[in-house]
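Order-wise, the sequence lines are chains A and B. Note that the numbering used here has the first sequence beginning at 76, numbered continuously upward. Note that the numbering used here has the second sequence beginning at 76, numbered continuously upward. First up is the structure itself, then whatever we jot down about it.
Number of protein chains: 2
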Amino acid sequence: MAAADLATDHLVLDPAARALLFTEARTANTFSDEPVSRDQLRAITELAKWPPTSANINPLRITFVTTPEAKARLLPLIFEGNRAKTESAPVVAILAIDLDFHDRIPQLFPVRPEMRDLYKDDLARREQAATFNGTLQTAYFILAVRAAGLAAGPMAGFDAAGIDAEFFADRPYRSILVVNIGKPGKDPWFNRLPRLDHEDYVEYL
Amino acid sequence: MAAADLATDHLVLDPAARALLFTEARTANTFSDEPVSRDQLRAITELAKWPPTSANINPLRITFVTTPEAKARLLPLIFEGNRAKTESAPVVAILAIDLDFHDRIPQLFPVRPEMRDLYKDDLARREQAATFNGTLQTAYFILAVRAAGLAAGPMAGFDAAGIDAEFFADRPYRSILVVNIGKPGKDPWFNRLPRLDHEDYVEYL
């Protein structure tokens with residue numbers, strides 16, 4: 076049975092939604108001039124905020140770069156091979172983790188506000204929890220961008236220390252991914268890359 | 076304008092799909108006896124495999140614990156507070172990263188097979204890339220479980236070194252999350268926890 080048939084038989088999510096978020100969506104490498112509105116960006120974040128993080132810590136922080144002035148600050152910090160696509164994107168999101176996320180625990184996890192104290196004097200533990208859960212939230216965010224009918228272009232190729240110094244000098248944030256956002260432009264896709272064979276990454280015990 | 080209105084106006088994803096994956100889905104804490112089929116599990120992985128990883132490295136490895144024998148090996152390695160829910164779940168997924176993922180680069184990223192050599196003698200770099208991208212894939216997996224109409228119960232509370240020794244003794248895998256999977260049982264949900272106010276984690280430059 077082909078993968079498409081399996082999905083049809085065993086998933087509840089409708090085929091259009093599967094295509095939009097998972098099977099047909101692609102990482103865009105060029106973007107059109109069509110603007111992305113503030114309301115679209117807010118709808119993306121309102122959707123992405125719901126899936127789970129450990130003890131609801133929600134460590135992700137999002138900076139939307141929307142103006143030419145802010146883009147000019149960002150571009151020199153993007154690796155050269157990625158710069159043209161970032162230049163063409165109407166909006167760029169800097170996704171970062173807040174290493175002081177624990178100060179929000181009494182608000183976000185009122186059933187156990189004392190969990191804040193577990194983290195207070197343990198930066199390594201905060202880094203681990205913020206990185207893991209902020210990365211989960213990064214994936215939710217990428218799929219939420221697609222849910223708005225927009226293409227996401229996630230990029231790991233940037234000067235993270237430089238971005239942190241330029242954008243987060245006064246905050247304990249650490250950038251983890253930069254995501255171009257917009258409608259695809261001319262020749263936006265590379266050829267689709269293969270995935271592993273099922274047997275090479277899944278086992279049943 | 077309320078969040079729901081914003082979403083209606085500015086998202087392409089249909090409301091049923093939004094509810095299924097993001098807004099109404101909840102982390103389950105009990106599970107019913109209803110079985111989860113091998114075909115459902117395969118459909119979940121076939122959906123989850125498509126969203127992006129850096130240079131398509133796909134470091135996530137999935138072990139589905141489906142038999143009483145395998146469950147008996149797993150349960151002592153789950154922290155006590157999580158054990159009852161894991162016991163009640165018809166299937167449990169152990170999500171792990173493969174620290175030798177770079178050996179697959181020639182297959183997965185044929186446009187630059189030499190990227191394998193960048194990782195070959197640099198374990199720290201492999202750990203960083205596998206952790207980040209395996210965590211992205213973990214989030215895609217959680218949403219794909221929901222896409223099958225099942226509840227996911229992700230748990231960080233387990234003995235990771237113990238699981239790696241018990242299940243991956245002969246492989247360079249490192250467990251990063253355990254996810255209970257099934258239909259919700261009796262009283263499956265805690266009260267929904269709050270999220271941050273928009274202004275507290277999103278900025279527009």
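Cβ coordinates follow ideal geometry from the N, Cα and C atoms, glycine included.
Buried or exposed for residue i, going by 16 or more other Cβ atoms inside 10 Å?
| i | result |
| --- | --- |
| A205 (chain B) | buried |
| G224 (chain B) | exposed |
| N266 (chain A) | exposed |
| R246 (chain B) | exposed |
| D173 (chain A) | buried |
| Q203 (chain B) | exposed |
| P263 (chain B) | buried |
| L135 (chain B) | buried |
| A100 (chain A) | buried |
| R93 (chain B) | buried |
| L198 (chain A) | exposed |
| W219 (chain A) | Sequence check: residue 219 (chain A) is Ala here, not Trp. Per the 10 Å Cβ criterion, buried. |
Is residue i close to chain A, meaning its C-beta is less than 8 angstroms from at least one C-beta of that chain?
| i | result |
| --- | --- |
| Y194 (chain B) | no |
| L174 (chain B) | no |
| A249 (chain B) | Here the sequence assigns Arg to residue 249 (chain B), which means Ala is not the residue at that position. Chain A, which has no Cβ nearer than 8 angstroms to the Cβ of R249 (chain B), makes this no. |
| R113 (chain B) | yes |
| L170 (chain B) | no |
| I153 (chain B) | no |
| T98 (chain B) | yes |
| R93 (chain B) | yes |
| L211 (chain B) | yes |
| K160 (chain B) | no |
| P229 (chain B) | yes |
| K258 (chain B) | no |
| I238 (chain B) | no |
| P126 (chain B) | yes |
| F233 (chain B) | no |
Name, in chain order, the residues that DSSP records as bridge partners for residue i.
| i | result |
| --- | --- |
| Y279 (chain B) | A:F139 |
| L170 (chain B) | B:I137 and B:L252 |
| A227 (chain B) | B:I256 |
| F233 (chain A) | A:I153 |
From residue i to residue j, what does the alpha carbon distance come to, in whole angstroms?
| i | j | result |
| --- | --- | --- |
| E274 (chain A) | K195 (chain A) | 43 angstroms |
| F176 (chain A) | I169 (chain A) | 17 angstroms |
| Y279 (chain A) | D84 (chain B) | 42 angstroms |
| L95 (chain B) | A222 (chain B) | 7 angstroms |
| P143 (chain B) | G228 (chain B) | 19 angstroms |
| D178 (chain A) | R191 (chain A) | 6 angstroms |
| R148 (chain A) | V111 (chain A) | 20 angstroms |
| L193 (chain A) | K124 (chain A) | 24 angstroms |
| V166 (chain A) | T141 (chain A) | 5 angstroms |
| Q182 (chain B) | P269 (chain A) | 8 angstroms |
| E121 (chain B) | D114 (chain A) | 33 angstroms |
| A235 (chain A) | L152 (chain A) | 8 angstroms |
| D272 (chain A) | G237 (chain A) | 39 angstroms |
| V253 (chain A) | F207 (chain B) | 14 angstroms |
| Y248 (chain B) | G260 (chain B) | 32 angstroms |
| T156 (chain A) | S163 (chain A) | Note that residue 156 (chain A) corresponds to Gly in the displayed sequence, not to Thr. So the two alpha carbons sit approximately 13 angstroms from each other. |
| M76 (chain A) | L116 (chain B) | Interpretation of M76 (chain A) is limited by its pLDDT of 45, a score under 50 that renders its predicted location unreliable; the figure taken from the coordinates is listed afterwards. If I take the Cα positions, the gap works out to 14 angstroms. |
| N104 (chain B) | L150 (chain A) | 45 angstroms |
| L88 (chain B) | T138 (chain A) | 23 angstroms |
| G209 (chain B) | Y276 (chain B) | 24 angstroms |
Measuring only between beta-carbons, confirm whether residue i sits less than 8 angstroms from chain B.
| i | result |
| --- | --- |
| S129 (chain A) | yes |
| H273 (chain A) | yes |
| F184 (chain A) | yes |
| D262 (chain A) | no |
| L150 (chain A) | no |
| F207 (chain A) | yes |
Segments assigned alpha helix (DSSP H), at least 4 residues, entirely inside the segment 81 to 136 of chain B:
Qualifying alpha helix (DSSP H) stretches, in chain order: 90 to 93 and 113 to 123.
Which complete alpha helix (DSSP H) runs does the segment 152 to 217 of chain A hold, if anything under 4 residues is left out?
DSSP runs (the alpha helix (DSSP H)) wholly in the segment 152 to 217 of chain A: 155 to 163, 180 to 183 and 190 to 195.
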